[in-house]
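A short write-up of the structure that comes next.
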Ligand SMILES: NC(=O)c1ccc[n+]([C@@H]2O[C@H](COP(=O)([O-])OP(=O)(O)OC[C@H]3O[C@@H](n4cnc5c(N)ncnc54)[C@H](O)[C@@H]3O)[C@@H](O)[C@H]2O)c1
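Here it is as structure tokens:
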């Protein structure tokens, strides 16, 4: 399906509607064979009577709530695809930047924003009443852990409260009001109304899709924030229903579609990353597929919001567990005098059954260190344990201590103690080529070094100064030291925590007497014997 194509349903040689429903409840893709189903594959399985015209579902205006690392690129992709986007955020400084065509995320160019603002395809606001005029609302707000390391869904709940009063239908989009109506009603009427077996009794949609009060004008709410299964159809639904007096699946559509943004990866584009979508009812799913079909090439429908929520948690848990495995092997192999990086490079030549993951100084970012614990918390409600997650968390969170141990060994070899040594931490961001330092293990490394009496500074071309945060307030205001020979040479040791591509590692080798490398960044440069310590 091409971007901008508003005809959702194809009719030739279709299986009956029940086929879609049975596939949605049994197979994650609904498709035999390999690869992801495309939107047209799914929609070709939705049947309408011969002779009726395809319904025209058009989303021309969408609101994206939460304009951060996920919400901003998503907004831009929708705007590029011809949908008018209203970006909503509670941070007025972000709104001001965006409306002025300025980016606050390093890897998103200002020009991309300015162009869409000028074309009147993208505007931003703190005024949630603008939701009255849109057909769909996509929520991309943070989902952190609280201080007891339990899920904090307060951002989702607060967003739900803020949007609920505006969910009542404000208008019927002109394209939808005409010829398509009949067909859609027919379609909704025929969609299998069986209760979703994945939902507990209290979460079942109470009315059939065929009873959606006005399916063409009913608004769609989609949650994208990573969270535990049940957040959409229990927590968010409850807030939206209470605040609006409406019923999900009846008066408004509700869906979950996890984001798969890979910040800093130039090959990762919102439009080309297959998108998983789960609806509260089949009609909700259909509506969400129509929305995302505008901006994303390949969609992967699943049977419920919970299946979509669980998919995202599987993806991130998979990463966390595999990183823990190589982190553990790093320590074990190092004790045996074997270099884990060499081993992974050799293993990855296997053309099947192996996928490389790389060790590091510990987990960082908004996803991998946090999301699996959303599942752990929810699993307890069902009397279940998530032992892989717990063990991976234990191994990964022990990495900074291991790195500091290597720092002590390296300094010791130079007849220096950690206490009183000058140490430069290179790379504050949690991953290369981004300015995102949330949950970065670099903070833990700096804390541990400082506690041991070291004098610590950092250099990061992406983070010129440390912003005030709740967790690391003591570092707020600290500035990145300049990258030059005199500075680097003035430190007893450089601890390489993040391997930004723009850093000249040959210069580092030329300038610094001692380097502890947690990313294998020094492998391809000329170094002196005993100068580089892998950690
Ligand atoms: N960053 C990633 O790479 C990534 C990838 C996949 C999924 N996710 C998930 O996506 C979600 C968002 O993550 P992010 O990295 O974009 O977060 P972020 O902190 O970069 O952005 C969140 C935005 O939401 C705004 N916000 C907070 N409360 C709000 C409210 N009540 N109403 C309106 N706006 C509000 C904040 O001001 C901020 O601009 C999280 O659940 C995260 O786990 C993130």
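Numbering (my numbering), first residue to last: 26 to 560. C-beta: ideal position from N, C-alpha, C; glycine also.
Which listed residue (the options) has its alpha carbon closest to that of residue i
| i | options | result |
| --- | --- | --- |
| residue 290 | 481, 514, 457 and 463 | 457 |
| residue 368 | 482, 381, 522 and 253 | 381 |
| residue 267 | 294, 299, 151 and 185 | 185 |
| residue 343 | 361, 393 and 302 | 393 |
| residue 497 | 347, 473 and 259 | 473 |
| residue 318 | 407, 545 and 301 | 301 |
| residue 438 | 555, 323 and 406 | 555 |
| residue 521 | 449, 531 and 460 | 449 |
| residue 106 | 295, 271, 181 and 92 | 295 |
| residue 103 | 128, 93, 125 and 141 | 141 |
| residue 349 | 402, 413 and 403 | 413 |
| residue 282 | 100, 430 and 330 | 330 |
| residue 541 | 507, 452, 527 and 495 | 452 |
| residue 471 | 447, 97 and 459 | 447 |
| residue 561 | 543, 406 and 163 | What is shown of the chain runs 26 to 560, which leaves residue 561 out entirely. |
| residue 508 | 494, 127, 157 and 527 | 527 |
Cutoff 7 Å; reference residue i; Cβ partners in own chain excluding five residues on either side
| i | result |
| --- | --- |
| residue 269 | 189, 190, 192 and 193 |
| residue 120 | 114, 149, 150 and 151 |
Expected contact under 8 Å - CB spacing of residue i and residue j to nearest Å
| i | j | result |
| --- | --- | --- |
| residue 519 | residue 478 | In fact, because the Cβ distance is near 18 Å, the residues do not count as touching under 8 Å. |
| residue 384 | residue 355 | 4 Å |
| residue 569 | residue 481 | This structure gives no information on residue 569, because the portion of the chain shown stretches from 26 to 560. |
| residue 316 | residue 161 | 5 Å |
| residue 454 | residue 462 | 5 Å |
| residue 421 | residue 352 | 6 Å |
| residue 415 | residue 558 | Not really, about 30 Å apart at Cβ, beyond 8 Å. |
| residue 131 | residue 483 | Not a contact, Cβ separation roughly 17 Å. |
| residue 275 | residue 165 | Not really, about 25 Å apart at Cβ, beyond 8 Å. |
| residue 181 | residue 261 | 6 Å |
| residue 256 | residue 175 | About 13 Å; that fails the 8 Å criterion. |
Own chain residues within Cβ distance below 8 Å of residue i, not counting five before or after
| i | result |
| --- | --- |
| residue 338 | 251, 253, 254, 396, 397, 399 and 400 |
| residue 553 | 534 |
| residue 2 | Because the chain is modelled from 26 through 560, residue 2 falls outside the range shown and cannot be assessed. |
| residue 310 | 49, 280, 302, 303, 304 and 326 |
| residue 59 | Residue placement at residue 59 cannot be trusted, given a pLDDT of 38 that sits under 50; the coordinates are not used to answer. |
| residue 277 | 192, 243, 244, 245, 246, 265, 269 and 271 |
| residue 551 | 531 and 534 |
Counted within 10 angstroms of its Cβ, other Cβ atoms place residue i as buried (16 or more) or exposed
| i | result |
| --- | --- |
| residue 76 | Low per-residue confidence applies at residue 76: pLDDT is 36, beneath 50, and the placement is therefore not dependable enough to give any value. |
| residue 357 | exposed |
| residue 134 | exposed |
| residue 297 | exposed |
| residue 117 | exposed |
| residue 154 | exposed |
| residue 361 | exposed |
For residue i, the three-state DSSP class (helix, strand or coil)
| i | result |
| --- | --- |
| residue 407 | coil |
| residue 134 | coil |
| residue 487 | coil |
| residue 109 | strand |
| residue 96 | helix |
| residue 456 | coil |
| residue 277 | strand |
| residue 31 | Here the model assigns residue 31 a pLDDT of 34, short of 50, so the residue's position is not dependable, and the following value carries that caveat. It is coil, neither helix nor strand. |
| residue 86 | strand |
| residue 271 | coil |
| residue 520 | strand |
| residue 288 | coil |
| residue 147 | strand |
| residue 120 | helix |
| residue 509 | coil |
| residue 526 | coil |
| residue 186 | helix |
Chain-order list of residues whose beta-carbon lies under 6 Å from that of residue i (same chain, five-residue window excluded)
| i | result |
| --- | --- |
| residue 491 | 500, 501 and 503 |
| residue 537 | 513 and 519 |
| residue 336 | 301 |
Residue i at chain D interface by Cβ criterion, 9 Å
| i | result |
| --- | --- |
| residue 154 | Annotation note: the requested chain D is absent from the structure, which comprises a single protein chain. |
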